[in-house]
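Before any comments, here is the structure.
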Amino acid sequence: MAENSRLVVVKPYPANIGSALHYNTLWQHLAMAKDPLILPAVWTFGGIPSAQRFAEILAKGLLHGGEQW
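And the structure:
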């Protein structure tokens, strides 16, 4: 995987995912797991407006960072 790869997680995700991944050996060895970009939920059935919102949230997250687990 490329060094500049970035994992993007879009909410909602399972409530226990942070602790589950913390103890996962494979996850701990993935470089992209060190700094995942966690974004707020975006309605997936909203067509063009949802795509635009996702693009804006993704750009903001890449520039300023996202949430933490």
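Everything in the sequence shown is counted per UniProt numbering, starting at 1 for the first residue and increasing by one.
Positions of the beta carbon are idealized from the N, C-alpha and C atoms, including for glycine.
Note that the coordinates shown come from a computational prediction; the quantities given were computed from them, not determined experimentally.
Which residues DSSP lists as bridging residue i, in chain order
{"i": "residue 9", "result": "38"}
{"i": "residue 67", "result": "38"}
| Quick check: the region 57 to 68 against the region 33 to 43, are there 3 or more CB pairs under 8 Å? | yes
| request: Please confirm if the region 43 to 51 is in contact with the region 24 to 34, defined as three or more CB-CB distances below 8 Å between the two stretches. | output: no
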